[in-house]
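Chemist:
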Amino acid sequence: MRPSVLWRSRNDVIAKWFGDPVDELRRRWVGVPDETPMRAEGEEFSFLVLGDPGEGDSSQYAVVPGMLKAGQGTDFAVFASDVNYPVGSINDYAQVFFKPYQAYPAPIYAVPGNHDWYDGLEGFMRVFCDRIGDGAPGASWHPRWGPLARRLWRRPEPTDESAFAAARALRAQPAQQAKQPGPYWYIDSPRLRVIGLDTGIGGGIDREQAEWLRRVSADPKPKVLITGKPIYRNNEYRPCPIEGGGTVDEIVRSTGYVAVIGGDIHNYQHYPVDVAGRRIDYLVAGGSGAYMHATHTIPAVDVKRDGVTLVGEDDFVCHPLRGDSLVFYSRLYGRRLRRLGLRRFFEIDYPQAAAAVSRRLGVPPTRPEAHGVVPGLRARMIASLLAVPDGRKRRPWLRLPVNKPYHRMFSEASDTDSAPFFKSFLRLDVTPGELRIRCFGATGCRAQELEPPLEHELRIPLR
Numbered sequence: 005m006r007p008s009v010l011w012r013s014r015n016d017v018i019a020k021w022f023g024d025p026v027d028e029l030r031r032r033w034v035g036v037p038d039e040t041p042m043r044a045e046g047e048e049f050s051f052l053v054l055g056d057p058g059e060g061d062s063s064q065y066a067v068v069p070g071m072l073k074a075g076q077g078t079d080f081a082v083f084a085s086d087v088n089y090p091v092g093s094i095n096d097y098a099q100v101f102f103k104p105y106q107a108y109p110a111p112i113y114a115v116p117g118n119h120d121w122y123d124g125l126e127g128f129m130r131v132f133c134d135r136i137g138d139g140a141p142g143a144s145w146h147p148r149w150g151p152l153a154r155r156l157w158r159r160p161e162p163t164d165e166s167a168f169a170a171a172r173a174l175r176a177q178p179a180q181q182a183k184q185p186g187p188y189w190y191i192d193s194p195r196l197r198v199i200g201l202d203t204g205i206g207g208g209i210d211r212e213q214a215e216w217l218r219r220v221s222a223d224p225k226p227k228v229l230i231t232g233k234p235i236y237r238n239n240e241y242r243p244c245p246i247e248g249g250g251t252v253d254e255i256v257r258s259t260g261y262v263a264v265i266g267g268d269i270h271n272y273q274h275y276p277v278d279v280a281g282r283r284i285d286y287l288v289a290g291g292s293g294a295y296m297h298a299t300h301t302i303p304a305v306d307v308k309r310d311g312v313t314l315v316g317e318d319d320f321v322c323h324p325l326r327g328d329s330l331v332f333y334s335r336l337y338g339r340r341l342r343r344l345g346l347r348r349f350f351e352i353d354y355p356q357a358a359a360a361v362s363r364r365l366g367v368p369p370t371r372p373e374a375h376g377v378v379p380g381l382r383a384r385m386i387a388s389l390l391a392v393p394d395g396r397k398r399r400p401w402l403r404l405p406v407n408k409p410y411h412r413m414f415s416e417a418s419d420t421d422s423a424p425f426f427k428s429f430l431r432l433d434v435t436p437g438e439l440r441i442r443c444f445g446a447t448g449c450r451a452q453e454l455e456p457p458l459e460h461e462l463r464i465p466l467r
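Residue 5 is where the sequence shown starts when you use my numbering, and the numbers rise one by one after that.
What follows is the structure in structure tokens.
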């Protein structure tokens with residue numbers, strides 16, 4: 005919340021107010037899209053997916069021991085969105101990338117998120133593509149831009165070359181080296197194709213990337229899409245618009261995808277969607293380091309498209325569970341407001357929190373210890389204050405900052421470096437007949453570092 009940090013992050017606001025220059029800038033970076041696979045795998049391989057890791061503090065570093073344990077034997081890792089907070093500066097990569105993952109023995113690839121674009125993608129392209137830009141905005145970035153937008157747009161910071169060289173030396177082993185062709189790419193194998201997509205600042209893609217996506221998606225084998233922003237999130241459908249018309253989800257639904265994994269939202273969510281008799285698993289997987297986005301603010305799930313329910317509450321999975329999320333935020337506010345004598349007021353246990361969430365949403369509790377529990381008045385008040393949706397559509401008289409529209413300004417201030425965290429990461433294992441996706445939790449506690457807990461598992465047939 006320091007003014008200097010907010011000022012350095014201003015490009016997000018400029019893109020929304022004056023016009024988003026990302027599509028034009030991406031064209032300058034990519035040129036002619038590369039339609040060859042970034043790498044090829046055999047019949048069997050494994051890889052990790054970490055979403056939104058790059059905060060550089062305890063909540064990010066708490067994920068690393070479990071990642072190294074559960075990631076043993078993986079062939080590579082993919083970072084999905086926001087590798088580098090808060091502004092994507094090349095000078096921050098030592099703390100958010102090279103240092104924490106120096107012990108991971110395999111290559112790491114990435115798709116950028118909105119924060120990675122705040123410096124024009126200069127840091128991202130230097131680290132992952134070994135390319136150096138000119139840092140110049142240029143008159144063609146956006147046709148609506150005038151002198152004010154050009155003056156306000158934040159230019160990339162000069163690189164501290166000696167510090168960058170020292171940081172890169174932390175991942176200097178030959179087996180760790182990775183070079184991707186650009187911010188979007190694909191990895192091929194006989195059984196599965198993995199495609200990475202760059203959704204920029206605003207969550208859409210340019211025409212050239214869309215045409216590339218259509219071509220690389222035309223292969224009949226099953227495919228997994230990894231994107232900077234999820235298509236299903238928080239009981240909402242965001243199909244990802246394409247410049248000039250159409251959506252990414254239209255391509256996904258028509259070309260044999262089995263799963264879509266998106267970052268940007270800092271938790272784990274699963275939405276299984278039936279598409280013409282086959283299932284596509286849409287995942288939110290952005291909980292690998294950055295501050296936690298609450299799950300207790302997600303309404304009872306009833307995702308509809310064209311009036312038809314696609315995903316109901318019984319099919320929905322999230323981590324942390326809504327009750328755990330409410331406990332996390334209630335304790336956080338108790339610490340923040342302790343000088344006002346409110347710490348004990350906000351202290352709440354899981355059964356009471358889960359029961360209060362269940363009552364407001366009209367859904368049964370997930371874990372058995374909350375079954376049959378009647379929430380007390382204090383638990384109900386906390387649930388209302390911390391923005392648990394009310395199924396009866398009654399407007400609360402007061403809400404503390406937890407979710408939209410508050411999170412844009414206050415969620416970073418609600419970060420905590422005190423364990424337990426509710427972080428997560430994915431391991432994907434490909435065999436000739438199956439894709440296995442496992443979501444592992446990370447808390448920052450010793451027991452979960454030694455044995456990362458399995459929070460959710462999917463087994464997807466590969467036909």
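Ideal placement from N, C-alpha and C gives every residue a C-beta, glycine not left out.
Pick helix, strand or coil for residue 451, following the three-state DSSP scheme.
Modeler: Within the sequence shown, numbered from 1, the residue matching residue 451 stands at position 447. Looking at residue 451 - three-state DSSP - the assignment turns out to be helix.
Chemist: Going by the beta-carbon positions, is the gap between residue 113 and residue 182 smaller than 9 Å?
Modeler: Position 109 of the sequence shown holds residue 113. Position 178 of the sequence shown holds residue 182. Taking 9 Å as the Cβ cut-off, residue 113 and residue 182 qualify as a contacting pair.
Chemist: On the CB-based measure, 16 or more other CB atoms within 10 Å of its CB, does residue 4 come out buried or exposed?
Modeler: Past the boundaries of the shown model lies residue 4; the chain is included only from 5 to 467, so the question cannot be answered.
Chemist: Tell me, to the nearest whole angstrom, how far the beta carbon of residue 206 is from that of residue 232; I am working on the premise that it is less than 8 Å.
Modeler: On the sequence shown, residue 206 is found 202 positions in, with the first residue counted as 1. On the sequence shown, residue 232 is found 228 positions in, with the first residue counted as 1. Not quite, the Cβ-Cβ distance comes to about 10 Å (not below 8 Å), so this is no contact.
Chemist: Please say whether residue 84 and residue 446 have beta carbons closer to each other than 9 Å?
Modeler: Along the sequence shown, one-based indexing puts residue 446 at 442. Along the sequence shown, one-based indexing puts residue 84 at 80. Not closer than 9 Å, so no.
Chemist: Identify the continuous beta strand (DSSP E) that holds residue 459 and give its terminal residues.
Modeler: The count along the sequence shown starts at 1 and reaches residue 459 at position 455. Residues 458–465.
Chemist: On the premise that residue 204 lies in contact with residue 24, defined as a C-beta separation below 8 Å, what is that separation, rounded to the nearest angstrom?
Modeler: Walking along the sequence shown from the start, residue 24 turns up at place 20. Walking along the sequence shown from the start, residue 204 turns up at place 200. Indeed, because the Cβ distance is near 7 Å, the residues count as touching under 8 Å.
Chemist: Using a Cβ-Cβ cut-off of 9 Å, state whether residue 51 counts as contacting chain D.
Modeler: Protein chains in the displayed structure number just one, and chain D is not present.
Chemist: Report the partner residues of residue 241 according to the DSSP bridge assignment.
Modeler: Here residue 241 refers to the residue found at position 237 when the sequence shown is read from its first residue. Residue 241 is bridged by DSSP to 236.
Chemist: Is there contact here, the region 14–31 with the region 236–246, by at least three beta-carbon pairs under 8 Å?
Modeler: no
Chemist: Roughly how many angstroms separate the alpha carbons of residue 97 and residue 332, rounded to a whole number?
Modeler: Walking along the sequence shown from the start, residue 97 turns up at place 93. Walking along the sequence shown from the start, residue 332 turns up at place 328. Going by the C-alpha atoms only, they are around 29 Å apart.
Chemist: With residue 471 and residue 421 assumed to form a contact (beta carbons below 8 Å), what rounded beta-carbon distance in angstroms separates them?
Modeler: Summary: the structure shown does not reach residue 471, with the chain confined to residues 5 through 467, and so no result is reported for it.
Chemist: Are the beta-carbon atoms of residue 94 and residue 130 separated by less than 9 Å?
Modeler: Along the sequence shown, one-based indexing puts residue 94 at 90. Along the sequence shown, one-based indexing puts residue 130 at 126. Contact check for residue 94 against residue 130 passes: the beta carbons are separated by less than 9 Å.
Chemist: Could you tell me the distance, in whole angstroms, from the CA atom of residue 189 to the CA atom of residue 41?
Modeler: Residue 189 sits at position 185 when you count from the first residue of the sequence shown. Residue 41 sits at position 37 when you count from the first residue of the sequence shown. Residue 189 and residue 41: Cα-Cα distance of roughly 7 Å.
Chemist: Would you mind sorting residue 290 into buried or exposed? The rule is 16 or more other CB atoms within 10 Å of its CB.
Modeler: Within the sequence shown, numbered from 1, the residue matching residue 290 stands at position 286. By the neighbour-count rule (16 or more Cβ atoms within 10 Å), residue 290 is buried.
Chemist: Label residue 36 either buried or exposed according to how many other C-beta atoms from any shown protein chain fall within 10 Å of its C-beta, with 16 as the threshold for buried.
Modeler: Translated into positions along the sequence shown, residue 36 becomes position 32. Flag for residue 36 reads exposed.
Chemist: Go through its chain and collect everything with a Cβ distance to residue 465's Cβ below 7 Å, but skip five positions before and after it.
Modeler: To locate residue 465, count along the sequence shown from 1; it is residue 461. Excluding residues within five positions, the ones whose Cβ falls inside 7 Å are 437, 438.
Chemist: For residue 455, does the count of other Cβ atoms within 10 angstroms reach 16, so buried, or fall short, so exposed?
Modeler: Locating residue 455 in the sequence shown gives position 451, where the first residue counts as 1. It is exposed - the Cβ of residue 455 has fewer than 16 other Cβ atoms within 10 Å.
Chemist: Cβ atoms of residue 299 and residue 391: under 9 Å apart, would you say?
Modeler: As a first step, residue 391 must be located in the sequence shown, where it is residue number 387. As a first step, residue 299 must be located in the sequence shown, where it is residue number 295. Cβ distance not < 9 Å, so residue 391 and residue 299 don't count as in contact.
Chemist: Suppose you measure from the CA of residue 384 to the CA of residue 276; what does that come to, to the nearest Å?
Modeler: Locating residue 384 in the sequence shown gives position 380, where the first residue counts as 1. Locating residue 276 in the sequence shown gives position 272, where the first residue counts as 1. Straight through space, the alpha carbons of residue 276 and residue 384 are spaced by roughly 31 Å.
Chemist: Does DSSP put residue 58 in a helix, a strand or coil?
Modeler: Here residue 58 refers to the residue found at position 54 of the sequence shown. In the three-state reduction of the DSSP assignment, residue 58 falls in the coil class, being assigned neither a helical nor a strand state.
Chemist: Mark residue 468 as exposed unless 16 or more other C-beta atoms lie within 10 angstroms of its C-beta, in which case mark it buried.
Modeler: One cannot answer for residue 468 here, as it falls past the ends of the chain, which runs 5 to 467.
Chemist: For residue 76, does the three-state DSSP call read helix, strand or coil?
Modeler: By one-based count along the sequence shown, residue 76 stands at place 72. Residue 76: coil per DSSP, three-state reduction.
Chemist: If residue 430 sits next to residue 440, beta carbons under 8 Å apart, how far is it from one beta carbon to the other, in whole angstroms?
Modeler: Mapped onto the sequence shown, residue 430 falls at position 426. Mapped onto the sequence shown, residue 440 falls at position 436. Actually they are not in contact, since the Cβ atoms of residue 430 and residue 440 sit about 10 Å apart, beyond 8 Å.
Chemist: For a test of the three-state rule: what should DSSP assign to residue 404, helix, strand or coil?
Modeler: Along the sequence shown, one-based indexing puts residue 404 at 400. Coil at residue 404, not helix or strand.
Chemist: Can you tell which of 52, 64, 221, 16 has its C-alpha closest to the C-alpha of residue 39?
Modeler: Indexing the sequence shown from 1 puts residue 39 at position 35. Answer by Cα proximity: 221.
Chemist: So who's on the other strand from residue 277, going by DSSP bridges?
Modeler: Taking the sequence shown and counting its residues from 1, the one referred to as residue 277 is at position 273. Paired residues: 284.
Chemist: Around the Cβ of residue 263, are there at least 16 other Cβ atoms within 10 angstroms (buried) or fewer (exposed)?
Modeler: Position 259 of the sequence shown, counted from the first residue, corresponds to residue 263. Per the 10 Å Cβ criterion, buried.
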